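Asks:
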């Protein structure tokens, strides 16, 4: 924790703008100091510039700077290498960017340093290779020669004076007085500006030439006199005060002359001097000093180059340090957000959608980071939504599974067979009832196409029914011979269509088959019972008049009634009429029994309607008969005669059931004729405003020999049902509003 | 690896070797050294005598004659005869001889400073360069240390080294020109008279 706190503190300090500003200020100060040093370099004396301490200080500063640059570069290089080795996201990009930045700053600066160093070295060498050196050297030699010449003359004249003056006995007062006079004479004779006599180092007498401008008596100095005594002769150049030239002195010593009585132990010293005029002495000294200055510079040439190079190196290193630092800082400004983004991407890809990139950036990268965080937030909310939806979907799936299980249980337990297929006709499900009805095993049908599963001709009828079942197919009676048994089924195909975006697309079909064999048998039995009862009733009706007629004839014959012939004639008439009735009934029955199979041809339904309606118009006063085709209706494949008979039967009933004023309407239209598979159905409705049909009669209405009229054969609607069934259609009856009935025929158009 | 006869490496490596040999040879040729290093104990004073040889090479003369103040700094260290380096040193003293040439006067002024204090100054005419060399390179009975009697009877020794200014290597790196350290014989302080 302590380490983390330290890191946090460092991070905060790193972010502190005062530190950044302070650092930049310090850098600026260093640059200013360097610049000032370079500028002052020109004004400083060479011995200061080449001072050993300065050189070493500069060198150590440079060493520190080199170490600092190396530290900065190597530290960052090391960090980058470690990041690359650990395959931290963004490290390669950071490596390239930092390399580019540092390279772009390092290479030009180092190139500039190399070129400038070469130029500086060349320039320094050229300074000392100029013709100035011989000029200065020769000028100095001339000046020194002048001094040497004057000093030589002075030394010679001092010797001459010494040779004469050593004869003086300086212990005597008169000799001393004479010495002074002689000194003045010698000074004038020898052309000296100064002439002095010493006993050892003790001053005796001296003279100066007042015209020479020597205002005070020169004092050669004790060390000079000692040197003369030690070496026998010596030279001394003394600068006169107040810039009054330079006095060149030559001293010579010799033991006292043997002629002198009581010669002292100290030797006699004579110092002769010549004053060099200020202009000449200044010029000479300037020549000497210039040459000396040049020599000093030459001696310090290496140190001078070193100091300039060190200062230049220091400035270069400062620039390098600054540029490296700035380069690394800029690289970090770019790479840190990108690295944070890369890390964020990794975290998010691993599922941590709560992660946010926290980078302090105001530029485009900041916009990118904010967009990234926004995207992450949206991803998080979307994920929550997805998870919520997933939970709901799971619950729905579970519910659906339950429902499916329930449905499967229901399907397994219903008596009707249920078969479902996909859009391609592959059987998906087939319940137990269907397998039992079709006498097949599950593996023979599940997953197979219907044509394959039901390849035999009998079951193929169901396959054909499914194939045409793109639209709902009403219940249809199908007769199959399965296992040698004749079976009648009620089959209904329902297409399954998608909802939502793919609304209307065919997903598959469901075939529901119901074994009607037993029911039909029962119905047929009931119908035959009814038919037998009706037939018996119908036959009994004509038999009664016949019997009564026969009994009347017998009675007339027994009585011998005169009207016997007339009675015979009446009885015969009655018998013939009733037999005719029976004959008609038998014919009807025979016709119903021998109903032919339909022969479809292209029929214009509108025309068929017109022809049929034409028969009934104005048939019954007060009952209006009208109708026709509504909407476009193509020609339909039908047996026109049989359909016409259906319409006639229905119209007969309608006309009979409708009292004046009444109305009968026959309409026909195509329903679903423009479907994807071109299939559809023809719907024909016969509406009347008659008495209507009681509910209890509707179930038996289409059975043979059932009639609500109390007369007729009761075969009309049975024939209608038979013809419509033979056309694979259906017929139903409903109540008309407000009164009457509606018979609806549905016939396939295909 | 097969090297072409004109391969630059063939020339570069020998040239580099020659360059470093040249640097070493220059230093070897110019190396000054201290000889005749002697220590005498006079009461509580240590007097040293030595000769510095090969100090006045052409470069040194050039510098002296240019008029720049040119110094030779003698550094003396009084040490105990101990094994470990951190337990040896007792005192350190410097003796600096600075010569400054006046081309107008044609004389050298030689100043001698003991621990930075001027102890002697004299002039030498440029006709007598041997005298200058002697003044700067020969020390006779120079009292450099006052010997305090240590609590233990250690043997003592004095080390000396001369610093003759600096030079630059590769026109950039300043290097101090020094002699090797020389050590005197080990000596004991004479017993104090009761």
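Residue numbers (this note's numbering), protein chains in the order written: chain A, 11 to 760; chain B, 9 to 202. Every residue, glycine too, gets a C-beta built ideally from N, C-alpha and C. The model shown is predicted, which means the values in this text are computed figures rather than measured ones.
Using the DSSP secondary-structure output, state which residues sit across from residue 283 of chain A in a beta bridge.
Replies: According to DSSP, residue 283 of chain A bridges with A:204, A:259.
Asks: Are the C-beta atoms of residue 37 of chain B and some chain A residue less than 8 Å apart?
Replies: For residue 37 of chain B, the pLDDT reaches just 47, beneath the cut-off of 50, and the residue's location in the model is therefore unreliable, leaving the point undetermined.
Asks: Would residue 264 of chain A pass as a contact of residue 186 of chain A if the rule is Cβ separation under 8 Å?
Replies: No, they are not a contact pair.
Asks: Which of helix, strand or coil does DSSP assign to residue 466 of chain A?
Replies: DSSP places residue 466 of chain A in coil when its eight states are reduced to three.
Asks: Assuming residue 385 of chain A is part of the alpha helix (DSSP H), what are its boundary residues?
Replies: That run of the alpha helix (DSSP H) goes 374–423.
Asks: Work out the CA separation of residue 369 of chain A and residue 318 of chain A for me, nearest whole Å.
Replies: Each residue's alpha carbon lies about 45 Å from the other.
Asks: Would you mind reading off the limits of the alpha helix (DSSP H) that contains residue 89 of chain A?
Replies: Note, residue 89 of chain A: alpha helix (DSSP H), 62–95.
Asks: Which residues in the same chain have their Cβ closer than 8 Å to the Cβ of residue 761 of chain A, if we skip the five residues on either side of it in sequence?
Replies: No answer is possible for residue 761 of chain A: it lies beyond the span of chain A, which begins at 11 and ends at 760.
Asks: So which residues on chain B does residue 315 of chain A lean against when the C-beta distance must stay under 9 Å?
Replies: By Cβ distance, chain B contributes 176, 179, 180.
Asks: Return the CA-CA distance between residue 2 of chain A and residue 552 of chain A, expressed in angstroms with no decimal places.
Replies: Residue 2 of chain A is absent from the structure shown; chain A starts at 11 and stops at 760.
Asks: Using beta carbons (cut-off 8 Å, strictly below), is residue 105 of chain B in contact with chain A?
Replies: Output row for residue 105 of chain B: interface = no.
Asks: Closest Cβ-Cβ distance between residue 81 of chain A and chain B: below 8 Å?
Replies: Not closer than 8 Å to any Cβ of chain B, the Cβ of residue 81 of chain A fails to qualify, so no.
Asks: Output, in chain order, the set of chain A residues within a Cβ distance shorter than 8 Å of residue 118 of chain B.
Replies: Those within 8 Å of residue 118 of chain B in chain A number zero; the least Cβ separation is about 13 Å.
Asks: Taking the alpha-carbon positions, what's the residue 326 of chain A to residue 73 of chain A distance?
Replies: Cα-Cα distance, rounded: 13 Å.
Asks: Using the DSSP secondary-structure output, state which residues sit across from residue 578 of chain A in a beta bridge.
Replies: Answer is none; residue 578 of chain A lacks a bridge partner.
Asks: For the beta strand (DSSP E) containing residue 161 of chain A, list its first residue and its last residue.
Replies: It is not in any beta strand (DSSP E) - residue 161 of chain A instead sits in the alpha helix (DSSP H) that spans 142–175.
Asks: Examine the Cβ distances between the region 145–159 of chain A and the region 330–346 of chain A and report whether three or more of them are shorter than 8 Å.
Replies: No: the two stretches stay apart, fewer than three of their Cβ pairs being nearer than 8 Å.
Asks: Determine whether the beta carbon atoms of residue 698 of chain A and residue 664 of chain A lie at a separation below 8 Å.
Replies: Yes; because the gap between Cβ atoms is below 8 Å, this pair is in contact.
Asks: Which runs of the alpha helix (DSSP H) spanning at least 4 residues fall entirely within the region 593–652 of chain A, listed in chain order?
Replies: The qualifying runs are 615–626.
Asks: Can you find a C-beta in chain B that's less than 8 Å from the C-beta of residue 302 of chain A?
Replies: It does: the Cβ of residue 302 of chain A has a partner Cβ on chain B nearer than 8 Å.
Asks: What did DSSP end up calling residue 14 of chain A once you bin it into helix, strand or coil?
Replies: For residue 14 of chain A, the predicted structure reports a pLDDT of 42, less than 50, and the residue's modelled location is therefore unreliable. A value from the coordinates is still provided. Helix.
Asks: At the level of alpha carbons, what is the spacing between residue 728 of chain A and residue 573 of chain A?
Replies: C-alpha separation (whole angstroms): 47 Å.
Asks: At which residue ranges does the region 487–543 of chain A contain complete beta strand (DSSP E) runs of 3 or more residues, listed in the order of the chain?
Replies: List check, beta strand (DSSP E) in window: 495–507, 516–525.
Asks: Hey, how far is the Cα of residue 704 of chain A from the Cα of residue 719 of chain A?
Replies: The straight-line gap from Cα to Cα measures roughly 12 Å.
Asks: Note down the Cα distance separating residue 165 of chain A from residue 62 of chain B, rounded to an integer number of angstroms.
Replies: Roughly 36 Å between the two C-alpha positions.
Asks: Along the chain, where does the beta strand (DSSP E) that runs through residue 447 of chain A open and close?
Replies: Careful: residue 447 of chain A lies outside any beta strand (DSSP E), inside the alpha helix (DSSP H) at 442–448.
Asks: Under a Cβ-count criterion, where at least 16 other Cβ atoms within 10 Å of its own Cβ denotes burial, should residue 738 of chain A be classed as buried or exposed?
Replies: Classification of residue 738 of chain A: buried, given that the 10 Å Cβ count is 16 or more.
Asks: Pair every Cβ in the region 279–292 of chain A with every Cβ in the region 238–258 of chain A, then say whether three or more of these pairs are closer than 8 Å.
Replies: Yes, they touch.
Asks: Terminal residues of the continuous alpha helix (DSSP H) containing residue 680 of chain A?
Replies: Per DSSP, residue 680 of chain A belongs to no alpha helix (DSSP H); it is in the beta strand (DSSP E), 672–681.
Asks: For residue 182 of chain B, which of helix, strand or coil comes out of DSSP?
Replies: Three-state result, residue 182 of chain B: strand.
Asks: As an exercise, report each continuous beta strand (DSSP E) stretch of at least 3 residues that is fully enclosed by the region 52–122 of chain B, in chain order.
Replies: Within the region 52–122 of chain B, the complete beta strand (DSSP E) runs of at least 3 residues are 53–61, 78–88, 97–110, 115–122.
Asks: When you compare the CB of residue 76 of chain A with every CB in chain B, is at least one pair closer than 8 Å?
Replies: For residue 76 of chain A, the answer is no, since every Cβ of chain B falls outside 8 Å of its Cβ.
Asks: For residue 731 of chain A, collect the residues of the same chain with a Cβ closer than 7 Å to its Cβ; drop the 5 residues on either side in sequence, then sort them by chain order.
Replies: Closer than 7 Å at Cβ, skipping near neighbours: 712, 741.
Asks: Using a Cβ cut-off of 8 Å (strictly closer), state whether residue 761 of chain A contacts chain B.
Replies: For residue 761 of chain A there is no data in the structure shown, the boundaries of chain A being 11 and 760.
Asks: Which whole-angstrom value describes the C-beta separation of residue 45 of chain B and residue 168 of chain B, a residue pair presumed to lie in contact below a C-beta threshold of 8 Å?
Replies: That belief holds up - the Cβ atoms of residue 45 of chain B and residue 168 of chain B are roughly 6 Å apart, short of 8 Å.
Asks: Residue 32 of chain A to residue 332 of chain A, Cα distance in whole Å?
Replies: So the alpha carbons of these two residues sit roughly 14 Å apart.
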